[in-house]
Amino acid sequence: MLRALVQERLRESLQSLGLGEITPEVTVPDKPEFGDFSSNLAFVLKPRMPGTPPRQIAEKIVARLDKSPFAKVEVVGPGFINFFLQPETVQHALREILNQEYHYGRLEMGQGQRALVEFVSANPTGPLTIGHCRQAVLGDVICRLLENAGYDVTREYYYNDAGRQMKLLGESVRARYLELLGQPVPFPDEGYHGEYIREIAREIQKRHGSNWAEASVEPFKEFAEAELFSEIKRTLSRLFRLPPERVFDIYYNETWLYAHDTQNALASVTNAQVLEWLRELGFAYEKDGAIWFKATALGRPQDRVLVRSHTGEPTYRLPDMAYHANKLLRGFDLIVDIFGADHQDTYQDVLAAVRALWEGGKLPKECNPHKIRVLIHQWVNLLRGGQPVKMSKRMATFVTIDELIDEIKSTVELDPALDTEQTREDFSVNVVRYFLLMRSADSHVNFDLDLAKKQSKDNPVYYVMYAYTRIRSIFDKSKGSVGAVGFQALRLPEELALIKKLDEFPQIVRDATEHLAPHFLAVYVHELAGIFHDFYEKHRVLDEANPEVTQARLALCYGVQIVLERAFALLGLKAPERM
RNA sequence: GCGCCCGUAGCUCAGUUGGACAGAGCAGCGGUUUCCUAAACCGCAGGUCGUGCGUUCGAGUCGCACCGGGCGCACCA
Numbered sequence: 067m068l069r070a071l072v073q074e075r076l077r078e079s080l081q082s083l084g085l086g087e088i089t090p091e092v093t094v095p096d097k098p099e100f101g102d103f104s105s106n107l108a109f110v111l112k113p114r115m116p117g118t119p120p121r122q123i124a125e126k127i128v129a130r131l132d133k134s135p136f137a138k139v140e141v142v143g144p145g146f147i148n149f150f151l152q153p154e155t156v157q158h159a160l161r162e163i164l165n166q167e168y169h170y171g172r173l174e175m176g177q178g179q180r181a182l183v184e185f186v187s188a189n190p191t192g193p194l195t196i197g198h199c200r201q202a203v204l205g206d207v208i209c210r211l212l213e214n215a216g217y218d219v220t221r222e223y224y225y226n227d228a229g230r231q232m233k234l235l236g237e238s239v240r241a242r243y244l245e246l247l248g249q250p251v252p253f254p255d256e257g258y259h260g261e262y263i264r265e266i267a268r269e270i271q272k273r274h275g276s277n278w279a280e281a282s283v284e285p286f287k288e289f290a291e292a293e294l295f296s297e298i299k300r301t302l303s304r305l306f307r308l309p310p311e312r313v314f315d316i317y318y319n320e321t322w323l324y325a326h327d328t329q330n331a332l333a334s335v336t337n338a339q340v341l342e343w344l345r346e347l348g349f350a351y352e353k354d355g356a357i358w359f360k361a362t363a364l365g366r367p368q369d370r371v372l373v374r375s376h377t378g379e380p381t382y383r384l385p386d387m388a389y390h391a392n393k394l395l396r397g398f399d400l401i402v403d404i405f406g407a408d409h410q411d412t413y414q415d416v417l418a419a420v421r422a423l424w425e426g427g428k429l430p431k432e433c434n435p436h437k438i439r440v441l442i443h444q445w446v447n448l449l450r451g452g453q454p455v456k457m458s459k460r461m462a463t464f465v466t467i468d469e470l471i472d473e474i475k476s477t478v479e480l481d482p483a484l485d486t487e488q489t490r491e492d493f494s495v496n497v498v499r500y501f502l503l504m505r506s507a508d509s510h511v512n513f514d515l516d517l518a519k520k521q522s523k524d525n526p527v528y529y530v531m532y533a534y535t536r537i538r539s540i541f542d543k544s545k546g547s548v549g550a551v552g553f554q555a556l557r558l559p560e561e562l563a564l565i566k567k568l569d570e571f572p573q574i575v576r577d578a579t580e581h582l583a584p585h586f587l588a589v590y591v592h593e594l595a596g597i598f599h600d601f602y603e604k605h606r607v608l609d610e611a612n613p614e615v616t617q618a619r620l621a622l623c624y625g626v627q628i629v630l631e632r633a634f635a636l637l638g639l640k641a642p643e644r645m
């Protein structure tokens, strides 16, 4: 990496000045006049060299510097050090990339450690909607990033089929079923009105005729749950481009936490156990017949009920605490929770409780809650005709992920030779994923359906994909392969800019992984595509009159192809060969 | 009222360990095609980075206050 090289030269210089222990900060400046890299080292060093103006400090550092990789090193302004690389230095970076090929951008930070990523976790009361879509895609990419970094990743989905909502689901299906049999009963007050409920009822009628007329709610609930879960897996299978049986590794059922089961290693700690521990540590108490969590003692704004007074049932908070205790006990090195903005307050109670258990010695030392990282994402606003679409799951005024993909798919147009059902599916999934990935999880996303459906350049996905197809097209025409060539021919600004951008890739992947921020990568890919388009427009790759340049530029294109394919794989995008 | 997130160009958004005159896409205006796909490229225009204090050599970035928007604040999940 070029930046590491600059840092290394600086470090050597510092050592000779007796300041070797500092890791110099090196950035890529915005303006080309400021060079390829820049360091503010002189300012950082200022407190350690009182009385010396930063400019002089910078000059001292530069005087001791090994300048062989650079065409020029300047001290400018109040004390910035700007580095201008030799073309040969940049060319060498391309060599490195081609050597590493599809290993380029792999990270070592995971080192075979185990990571658990929990996401989506919707109770199966209906199809997945756009509300779940962002979380699903974020989680999927974070899993891919962690795998790339060497983690052994477990994808987990937490759900509950025992609560009130699931009972309502069963009652809703039962009501629709009896309606079909001509024995209508009142529809449950807060039941689910979606058409999918009728479909499930029809399916029951198809398989069981009128045999379920006297049945209780329970079988209806179970039938609906099974149907909906397989539907959910099918949807995620489209979105993740994984077979349905592989979209998640573990479906963790909240009910496992209610009764101790020695057979179940995933739930070695129950709700009751956690409650007892909290009591022993003084973080649980009784009031008004309920059991409360003394969250205020842990710096939280208010105490919360853990066990209800009337029914004796736990609220969702207690099993959540038990669930997280179990996550820690299962021996993961990294635990990632992905939640929507509605959880931003509540997860902190759960973490506070788990921390208290650990600090109180109830959980083994290796179960340090620092291993848990929570990623909160803001909501997606679906816009249709410029207006936000109001959605309610219960009233069935929602747009499902499948509907979203299908709607976009109906407008996709690709090169006729490649315009198949599969490529259209691939492309519409690209659009959905990219729209949701290109923004920071912290910011709200306006998903403009009209825009996503437009098969035009408004759509950044096309821009990125088009760069890839241009490269493929060059290689189709070139007939030759990329051989062992010299890169001395690559010295034009657009060529060097492209290599320098390729050189940034591993650091971008590292940043995205460390910050659990896929949008770093999504933004990078867009920038890389832009630099490639610029190069492509200005310089012809294939030139029979000049085989040396052709070979060097083909190698450059291959480097871009490698990085694009690596980035696409991490983002779960699938580029077409032609558009 | 309390907590978390956001407020950057007409629109949608980057800018994540504070760094040099603030970026991209789209929309607007003007150009580019005997040549690897013009779903592209080039140029122009567009901003008191919500407001005000503060921290410092330096603040879109950190702190405080205020204004505006989103989401929470259940013995629902």
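Last residue of the first sequence? That's 645 in this note's numbering, and every number before it is there in order. Backbone N, C-alpha and C fix where the C-beta goes; we use that ideal spot for every residue, glycine too.
- DSSP places residue 379 outside any beta strand (DSSP E), giving it a letter other than H or E.
- In this structure residue 336 is in contact with residue 323, their Cβ atoms being roughly 6 Å apart against a cut-off of 8 Å.
- When the alpha-carbon of residue 131 is set against those of 121, 147, 143, the nearest one is in 147.
- As for any beta strand (DSSP E) of minimum length 3 sitting wholly inside the region 150 to 223, the runs are 180 to 184, ordered along the chain.
- Per the C-alpha coordinates, the member of 394, 248, 140, 269 positioned closest to residue 428 is 394.
- Shown here for residue 100: same chain residues with a beta carbon closer than 8 Å to its own, the five before and five after excluded, namely 142, 146, 148 in chain order.
- Counting only runs of 4+ residues, the alpha helix (DSSP H) found wholly inside the region 465 to 513 occupies 467 to 475, 487 to 503, in chain order.
- Comparing alpha carbon positions, the residue from 175, 578, 198, 226 closest to residue 292 is 226.
- Pairwise C-beta distances place the region 176 to 192 in contact with the region 210 to 222, as three or more of them are shorter than 8 Å.
- Rounded to whole angstroms, the separation of the alpha carbons of residue 106 and residue 310 is 51 Å.
- Nearest neighbour of residue 599 by Cα position, chosen from 536, 193, 204, turns out to be 536.
- Beta-bridge annotation (DSSP): residue 93 is paired with 104.
- In the structure shown, residue 318 adopts extended strand secondary structure according to DSSP, grouped into three states.
- Between the alpha carbons of residue 375 and residue 402 lies a distance of about 33 Å.
- Cβ atoms of residue 422 and residue 349 come within 8 Å of each other, at about 5 Å.
- Distance from residue 203 to residue 308 at the Cβ level is roughly 13 Å; contact not present, criterion being Cβ atoms closer than 8 Å.
- Contact annotation: the region 531 to 545 touches the region 620 to 640, with at least three C-beta pairs closer than 8 Å.
- Counting C-beta pairs with one atom in each stretch, the region 579 to 598 and the region 206 to 215 have three or more that are closer than 8 Å, which means they touch.
- Residue pairing by DSSP places residue 138 opposite 150 in a beta bridge.
- Taking the C-beta atoms as reference points, residue 240 is found nearer than 8 Å to residue 286.
- Residue 296 sits exposed, since fewer than 16 C-beta atoms from the chains shown fall within 10 Å of its C-beta.
- For residue 370, DSSP records a beta bridge to 359.
- Rounded to the nearest whole angstrom, the C-alpha separation of residue 378 and residue 272 is 40 Å.
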